[in-house]
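Chemist:
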Amino acid sequence: TFHKTICVSTIRSNIDRINLKELKRLEDEPICVPAFNIYRGGNRKSASHALKETRLLKELQLKPNIPVMLIQNLQAGRGWVNGTLAKVTEIDYENILLIKQGQEGAEDSLWIQRTSSSIAGTSYVRTQFPIVPAFATTIHKAQSITIDFVAIHLDHMHFMFNCTLQCLGCN
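At position 144 of the sequence shown the residue is numbered 144 (full-length UniProt numbering), and the sequence of numbers has no breaks.
(1) Suppose you measure from the CA of Ala38 to the CA of Glu94; what does that come to, to the nearest Å?
(2) If I follow the unbroken beta strand (DSSP E) through Ile96, where does it start and stop?
(3) Have a look at Asn82 and Gly102 and give me their C-alpha separation to the nearest angstrom.
(4) Pull the bridge partners of Ser128 from the DSSP assignment, please.
(5) Pull up the distance between the alpha-carbon of Ile71 and that of Gly105, whole angstroms please.
(6) Since Lys63 contacts Ile31 with CB under 8 angstroms, what's their CB separation in whole angstroms?
(7) Given Thr54, which residues of its chain have a CB within under 6 angstroms of its CB, disregarding the five upstream and five downstream residues?
(8) Can you tell me which of Gln128, Leu23 and Asn14 puts its alpha carbon nearest to the alpha carbon of Lys87?
(9) Taking buried to mean at least 16 other C-beta atoms within 10 Å of its own C-beta, is Pro34 buried or exposed?
(10) Please state the DSSP three-state secondary structure of Thr54.
(11) Where do the N-terminal and C-terminal ends of the alpha helix (DSSP H) with Asn19 fall, by residue?
(12) Could you say which of Ile99, Leu57 and Thr115 lies nearest to Asn73 if we only look at CA atoms?
(13) Assuming Ala76 and Ile119 are in contact, meaning their beta carbons sit under 8 angstroms apart, how far apart are those beta carbons, in whole angstroms?
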């Protein structure tokens, strides 16, 4: 079965905390998948800051059945695009098998590999699988996807509530 509820928040640290907490609830030990970073010139601190712009994670912690979101278009004709929700079913060093709910409830699968992303104006490159955990996401990412059930994480009640409703189209 597919994870049907996703939590949305405006604060990245809340999303990271929720994703880590929910990952721990899944069976098995996590498999840590580090990114490969290349930087020529500059220093590691400036490279580390710039590489965050790629959206490719420095380290992925994965388990079978973890819900994930694609962060790049992979096979648009088959619906594997930026924002697609899927679950991880197999993990090895070079490939990850994703399954998503396809048309009329049928499952659709895709083996993915690492992709590389560079930062314009720098010599920094990060290579990583183009997915992020998807127990929680930003309200901006939630705008572009269809979600069966949503939990809204509010810290600063009034501002975030209004912002979240507006971003989710619940005027």
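Using N, Cα and C, we set each Cβ at its ideal position, and we do this for glycine too.
Modeler: Considering the structure as presented:
(1) By one-based count along the sequence shown, residue 38 stands at place 38. By one-based count along the sequence shown, residue 94 stands at place 94. Looking at the sequence provided, one finds Ile at residue 38 rather than Ala. When rounded, the distance between both Cα atoms is 18 angstroms.
(2) The residue labelled residue 96 in the question sits at position 96 within the sequence shown. Note, Ile96: beta strand (DSSP E), Ile96 to Gln101.
(3) Taking the first residue of the sequence shown as 1, we reach residue 82 at position 82. Taking the first residue of the sequence shown as 1, we reach residue 102 at position 102. When rounded, the distance between both Cα atoms is 16 angstroms.
(4) Taking the first residue of the sequence shown as position 1, residue 128 is located at position 128. Correcting the residue type first, residue 128 is Gln in the shown sequence and not Ser. Note: Gln128 sits in a beta bridge opposite Thr115.
(5) Position 71 of the sequence shown, counted from the first residue, corresponds to residue 71. Position 105 of the sequence shown, counted from the first residue, corresponds to residue 105. Cα to Cα, the separation comes out at about 23 angstroms.
(6) Looking up residue 63 in the sequence shown gives position 63. Looking up residue 31 in the sequence shown gives position 31. About 7 angstroms; that satisfies the 8 angstroms criterion.
(7) Taking the sequence shown and counting its residues from 1, one reaches residue 54 at position 54. These residues qualify, in order along the chain: Ser117 and Arg126.
(8) The residue given as residue 87 occupies position 87 in the sequence shown. Answer by Cα proximity: Leu23.
(9) Position 34 of the sequence shown, counted from the first residue, corresponds to residue 34. The residue is exposed, with fewer than 16 neighbouring Cβ atoms inside 10 Å.
(10) On the sequence shown, position 54 is the one that residue 54 refers to. Here Thr54 sits in helix by DSSP.
(11) Numbered from 1 along the sequence shown, position 19 holds the residue referred to as residue 19. Asn19 -> alpha helix (DSSP H) spans Arg12 to Arg25.
(12) What you label residue 73 is simply residue 73 of the sequence shown in a count that begins at 1. Ranking Ile99, Leu57 and Thr115 by Cα distance to Asn73 puts Thr115 first.
(13) Here residue 76 refers to the residue found at position 76 when the sequence shown is read from its first residue. Here residue 119 refers to the residue found at position 119 when the sequence shown is read from its first residue. Contact flag wrong, Cβ pair sits at about 24 angstroms.
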